[in-house]
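Visitor:
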Amino acid sequence: SIVLVEAIYRVAAIAFGLGVVGSTLLSAIRTFVLPRNENAFLSSFVFIVIWRVMRFALRRMRRFEAQDRLLAYLSPIGLLALPVFWLFLIVLGYTGLYFGVAGDLTWRQAFILSGSSLMTLGYSFVDEIPLIVLSFSQAALGMMLIALLIGYLPTMYSAYSNREKMVIKLEIRAGTPPSAVEMIKRLHLFGVLEDGADFKALFYEWEDWFIELEENHTTLSPLNFYRSHVSTRSWLTAAGVVLDAASLTASCIDLPHASYAGATVRAGYVAINNIAEFFGYHHDYHKTREDPISITREEFDAAYDALAQVDLPLYADREACWQNYRGWRVNYDSALLLMTTFIFAPRVAWVSDRHPVDLPPGFEHMDTWKDLRAPEAALEFSYNDLSEQAQQQAVATRRGRAGSGQEPDQAAS
């Protein structure tokens, strides 16, 4: 009877060890190796714990800039904590294996042997073949986990660098803070909107960016929380501004090539929805323009009037423009606003200054997150701060180039 209980006890220890080691290895594979949209529980657990610790500090900060500096450490700390957490689990798992296989080891001795084997310290010696095999496998597994992290980081930072290049470039096109209306006005100001080739090249560039964004932010999930080095920038607000600019262009601008912006909208909302689905959001692909969006008719009319003031070729039927814009916006409205709340994006009009019309099931708690955000400092510069004389001079220069038939670089020379 005592022998049977002892045997069951050791079999249970082996089962525990195999389960812990197997789950840890699977988590590492799903996080670092598997090129699919997979959410590993153990990896998510580490980031959730770090986020909840940071949340206490966020409540005590009075400026968004301070919150942004703190949140910049979320992913780096998480990535460094992951292998530590995994190695700890490996030690626990192999402790069970050593205890179950050896037969004459106490839990304390099994734990010391596990730690010594993982760290290759060598101060705990075994001479039984099963234990030697386990010791070798544990040492190899520990080195493999560290090697995975070392190989993972360059890929992560390369994707981050490529992402941020376009975010910085948007500041030139759309101002600080970025604005969809401002982006369209500047494209018109510099002649890009009317030039079919330049227009297509610009929006195709953003289409490619959205494709890479989806690939990188679903397979390299910690990249979602890597923040821009300036608190007023964010990859999500950049995505939202470009989506709105493309939606407004496709809906309101009466130019033959304006419809090409629709492809950028589709690439963008597919990317944003798939990234949001990684965090548990489920997009309703049956939405129509009749479904509610977070943008009001008054806000749209204000944007339409702002575009009309700079002599843009707009469709005369404002109601049709509004309905078309709603048809585009409804595809990404909820996912975009949820993600900007989720990662604490800087406040940008139409993108991160509001919540979705209806919070989907499982996200109701995020309605309280708005209380965590501290006010942001007033921005020192905006395109709208440029003097009227400077804007008129830029318009005159553009019209002069258009009248002469010269390209911008030719006119400059």
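In the numbering used here, the protein residues as written are 99 to 511.
Cβ atoms here follow ideal geometry from the backbone N, Cα and C, with glycine treated the same way.
In this text, all values refer to a predicted model and were calculated from it rather than measured experimentally.
1. Can you list, in chain order, the stretches of the alpha helix (DSSP H) that have 4 or more residues and sit fully within the region 231 to 306?
2. Let me confirm a value: K263 is counted as buried when at least 16 other C-beta atoms fall within 10 Å, else exposed. Which label applies?
3. Looking only at its chain, what residues have a beta carbon closer than 6 angstroms to the beta carbon of A369, apart from the 5 residues adjacent to it on each side?
4. Quick one: Cα of I266 to Cα of S259, how far?
5. In chain order, what residues of the same chain lie with their CB nearer than 6 angstroms to the CB of A443, ignoring the 5 residues before and after it?
6. With DSSP run on the structure shown, which of helix, strand or coil describes I441?
7. Who pairs with L412 in a beta bridge, going by DSSP?
8. For S480, count neighbouring C-beta atoms within 10 Å of its own C-beta (all shown protein chains included) and say buried if the count is 16 or more, exposed if not.
9. Which complete alpha helix (DSSP H) runs does the region 354 to 421 hold, if anything under 4 residues is left out?
10. My output table needs one value for R158: the three-state DSSP class, helix, strand or coil.
11. Report the residue from D225, T204, F145 whose alpha carbon sits nearest the alpha carbon of Y107.
12. Can you tell me whether DSSP reads D225 as helix, strand or coil?
13. Mapping DSSP to helix, strand and coil, what is Q487?
14. Please state the DSSP three-state secondary structure of R452.
15. Going along the chain, which residues of its own chain have a beta-carbon closer than 7 angstroms to the beta-carbon of V224, five neighbours each way excluded?
16. For chain B, find out if any of its Cβ atoms is closer than 9 angstroms to the Cβ of V328; answer yes or no.
17. Alpha carbon to alpha carbon, how far is V144 from L187?
18. Measuring alpha carbon to alpha carbon, tell me which of Q407, E303, S357 ends up nearest Y423.
19. Considering Cα atoms alone, identify which of L124, L353, A418 is closest to R387.
20. Given a cut-off of 9 angstroms on the beta-carbon distance, is the pair A337 and F301 in contact?
21. Whose CA, out of T394, G194, Y430, V189, lies closest to the CA of L512?
Guide: In short:
1. Counting only runs of 4+ residues, the alpha helix (DSSP H) found wholly inside the region 231 to 306 occupies 278 to 287, in chain order.
2. Counting from 1 along the sequence shown, the entry for residue 263 is found at position 165. Label assigned to K263: exposed.
3. If you number the sequence shown from 1, residue 369 lands on position 271. Cβ within range, chain order: F308, L311, E312.
4. For this step, residue 266 is matched to residue 168 along the sequence shown. For this step, residue 259 is matched to residue 161 along the sequence shown. So the alpha carbons of these two residues sit roughly 11 angstroms apart.
5. On the sequence shown, residue 443 is found 345 positions in, with the first residue counted as 1. Answer for A443: S332, L334, T335, S450, listed in chain order.
6. Residue mapping note: residue 441 aligns to position 343 of the sequence shown, counting from 1. Under the three-state reduction of DSSP output, I441 falls in the coil class, being neither helix nor strand.
7. The sequence position of residue 412 within the sequence shown is 314, counting from 1. DSSP lists I351 as partners of L412.
8. If you number the sequence shown from 1, residue 480 lands on position 382. Caution applies to S480, whose pLDDT of 37 falls short of 50 and renders its modelled position unreliable; the value that the coordinates give is listed next. If you draw a 10 Å sphere on the C-beta of S480, you find fewer than 16 other C-beta atoms in it, and that means exposed.
9. As far as the region 354 to 421 is concerned, its whole alpha helix (DSSP H) runs of at least 4 residues are 359 to 376, 395 to 406.
10. As a first step, residue 158 is located in the sequence shown; it is residue number 60 there, counting from the start. Of the three classes helix, strand and coil, the one that applies to R158 here is coil, per DSSP.
11. Here residue 107 is taken as the residue at index 9 of the sequence shown, counted from 1. Taking each of D225, T204, F145 in turn and checking the Cα distance to Y107, the smallest one comes out for T204.
12. Translated into the one-based positions of the sequence shown, residue 225 becomes position 127. Three-state DSSP puts D225 in coil, outside helix and strand.
13. Locating residue 487 in the sequence shown gives position 389, where the first residue counts as 1. Residue placement at Q487 is flagged as unreliable, the pLDDT there being 40, under the threshold of 50; a coordinate-derived value is accordingly withheld.
14. To locate residue 452, count along the sequence shown from 1; it is residue 354. Looking at R452 - three-state DSSP - the assignment turns out to be coil, as it is neither helix nor strand.
15. The residue given as residue 224 occupies position 126 in the sequence shown. Contacts found: L211, I230, S233.
16. Going by chain labels, chain B is absent from the structure shown, which holds only one protein chain.
17. Indexing the sequence shown from 1 puts residue 144 at position 46. Indexing the sequence shown from 1 puts residue 187 at position 89. Computed Cα separation, rounded: 12 angstroms.
18. Mapped onto the sequence shown, residue 423 falls at position 325. Closest option to Y423, Cα to Cα, is S357.
19. On the sequence shown, residue 387 is found 289 positions in, with the first residue counted as 1. Answer by Cα proximity: A418.
20. For the purposes of this step, residue 337 is taken as residue 239 along the sequence shown, with counting starting at 1. For the purposes of this step, residue 301 is taken as residue 203 along the sequence shown, with counting starting at 1. Contact: no.
21. The chain is shown only over 99 to 511; residue 512 falls outside these bounds and no answer can be derived.
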